[in-house]
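J.: In this text, residue positions in the sequence shown follow my numbering: the first is 814, and each later residue adds one.
Quick reminder that beta carbons are idealized off the backbone N, C-alpha and C, glycines included.
Keep in mind that this is a model prediction, so the values were computed, not measured.
One structure, as structure tokens, below. Some questions next.
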Amino acid sequence: MKDRYESPLSSRYASPFMLQLFSQQKRISTWRRLWVALARAEHKLGLPVTAEQVAALEAHIDDIDFEMARKRELEVRHDVMAHVYTYGQVAPEAAGIIHLGATSCYVTDNADMIIYKEGLEYIRKELLQVIERLADFAYKYKDMPTLGYTHYQPAQLVTVGKRASLWLQDFMSDLEELDFVISTMKLLGCRGTTGTEASFMELYGGDEAKIDEMNKMIAEEFGFEKCFTVSGQTYPRKFDSRILNVLSAIAQSAYRMAGDMRLLQHDRQMEEPFEKNQIGSSAMAYKRNPMRSERICSLSRYLIADAANPAMTASTQWLERSLDDSANRRISMPEGFLCADAILRLVSNVTDGIVVNDKVIAKTVEEYMPFMATENLMMEATKRGASRQDVHEIIRQCSMEATKEMKQGLPCRLLEMLAEYDEIPMTLAEMEDVLAPEKYTGRCPQQVERIVAEAKAIVAAGERLDDGGIEIL
């Protein structure tokens, strides 16, 4: 409906998969799957739940009457009970045993964790795609010298691939953290109103082994190895914070890469993809703005800030639970996932088509190469009998003078200046022989080869997206 507010994350940025994952259809059908799992376990463990009732619930997992549920919630002011009622209308023979022994968090919290796990596994595939594309790019340009920067001031040479390997390593670090979060995910299970399982002690006549088996059966049905050892009414909200922290970490890496791309595009050394009919500015037709990288930075700031929400929620859980987490989590958690998804889609798009302007890079290297070579020149002059301290002072003075001229728009004359000093026993031609850029990149190629090999092994062992290109606005 175009006359109602719609989140840009859903209308512009997030993937169809993530939008479906956090849809009401997915959420409530997962509630129903949990009710089925509970009924099935209770039937197998001897409670008065029949196989026919379980089958009736199984037959109506996806046919959800949202309008009936909405009207019922207006009457009872309780969303879970509204859906218990609605489920019972399509499976009347099982209406009396739906939610037996459970409290609302049985479906709300367990469903959230199920959905979050699925979301993180999808994020992992997207992250692997980014890692693969960055690894390919880094390897392709592992030998190409480029000017390095510290404090965004010219520094020693690196290579284009080595710089990309810094971005790659950040995302690989995020993958390690993401794998840890996924590996430690647990379900709440069915624990009762304050986490004591008192209702099931009553239902199972004090048989604790049956309660443990019930929770084990439910967890395994949804692909979880364990439930939390103890809980209040909810699962520990610190886990929400753990989830958004890793999504924030991905945003931090994406922001760093996109920020570097924006700097390099300003210098015309590298550019993000630019479509044939793309318009850079409504007024300045010549513009090629780094709009994807800017959007990555913009969305990353939002996600980094969003990570504060579950941190505050986790710290303000009163005793066994407080409902002030509910409204916040309904917004902050799904939007955190949608935002991370949007960021990785953009990063994948950018890394799939980075443009390297090699002639601009070579020209920049050539301009600053005399400064890069001064340490080698000093060593060579010392070998030929010059005083290291005298040569250092001459180089310092000449460098300041050459820089002053360059700030006035003149070409770099550093080598010509140095060649005029008898204290430096080298001719201009001999100095120019020292200027081959590949002599000044250290172990950049070997470092890139090493991290690319690590990245390729990780990618080969996992499942990445293979969508033939990501379509974004």
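Per DSSP, which residues does Leu988 bridge with? Please list them.
T.: Answer by DSSP bridge pairing: none, since Leu988 is not bridged.
J.: Report back the beta-carbon spacing between Asp1119 and Glu939 to the nearest angstrom; my notes put them in contact at under 8 Å.
T.: Actually they do not touch by this definition, with Cβ atoms about 18 Å apart.
J.: Between the segment 1258-1265 and the segment 1206-1218, are three or more C-beta pairs nearer than 8 Å?
T.: Flag = no, the segment 1258-1265 and the segment 1206-1218 do not touch.
J.: With a threshold of 16 other CB atoms inside 10 Å of the CB of Pro829, please say whether the residue is buried or exposed.
T.: Answer is exposed; the Cβ neighbour count stays below 16.
J.: Can you give me the C-alpha to C-alpha distance between Gln1202 and Phe1150, rounded to a whole angstrom?
T.: For Gln1202 and Phe1150, the distance between alpha carbons rounds to 59 Å.
J.: Return the CA-CA distance between Ala907 and Phe1035, expressed in angstroms with no decimal places.
T.: Taking the straight line joining both Cα atoms gives about 22 Å.
J.: With three or more beta-carbon pairs closer than 8 Å as the criterion, would you say the segment 962-970 touches the segment 1009-1017?
T.: Taking 8 Å as the limit for Cβ pairs, the verdict is that the segment 1009-1017 does not touch the segment 962-970.
J.: Measure the alpha-carbon distance for Cys1225 versus Glu1214 and round it to whole angstroms.
T.: Near 10 Å, if we compare the C-alpha coordinates of Glu1214 and Cys1225.
J.: Enumerate in chain order the residues of its own chain whose CB-to-CB distance from Val1326 is below 8 Å, with the five nearest sequence positions on each side excluded.
T.: Past the boundaries of the shown model lies residue 1326; the chain is included only from 814 to 1286, so the question cannot be answered.
J.: To the nearest whole angstrom, what separates the beta carbons of Met1182 and Leu1248, a pair I think is in contact under 8 Å?
T.: Yes, they are in contact, since the Cβ atoms of Met1182 and Leu1248 sit about 5 Å apart, within 8 Å.
J.: Bridge partners for Thr1240 per DSSP, in chain order?
T.: According to DSSP, Thr1240 bridges with nothing at all.
J.: Under the assumption that Thr916 contacts Gln1046 (Cβ atoms under 8 Å), give the Cβ distance between them as a whole number of angstroms.
T.: Going by Cβ atoms, the distance from Thr916 to Gln1046 rounds to 6 Å, so yes, they are a contact pair.
J.: For Ala968, does the three-state DSSP call read helix, strand or coil?
T.: In the structure shown, Ala968 sits in a strand (DSSP, three-state: E or B).
J.: Once the 5 residues before and after Ser842 are set aside, which same chain residues still bring their CB inside 8 Å of it?
T.: Once the five neighbours on either side are set aside, the close Cβ partners of Ser842 are Ile874, Asp875 and Ile877.
J.: Alpha carbon to alpha carbon, how far is Ala1270 from Thr1254? Give it in angstroms, no decimals.
T.: Cα-Cα distance, rounded: 26 Å.
J.: Taking C-alpha atoms, which residue in Pro1049, Asn1162 and Arg1114 lies nearest to Pro1103?
T.: With distances taken between Cα atoms, Pro1103 lies closest to Asn1162.
J.: Please classify Val1168 as buried or exposed, where buried requires at least 16 neighbouring CB atoms within 10 angstroms.
T.: So Val1168 counts as exposed.
J.: Quick one: complete alpha helix (DSSP H) runs, 4+ long, within the segment 1202-1259?
T.: Runs found: 1227-1232 and 1241-1245.
J.: Decide if Glu1084 is buried, meaning its Cβ has at least 16 other Cβ atoms within 10 Å, or exposed.
T.: Buried: at least 16 other Cβ atoms inside 10 Å.
J.: To the nearest angstrom, how far is it from the Cα of His964 to the Cα of Lys953?
T.: Roughly 27 Å separates the two Cα atoms.
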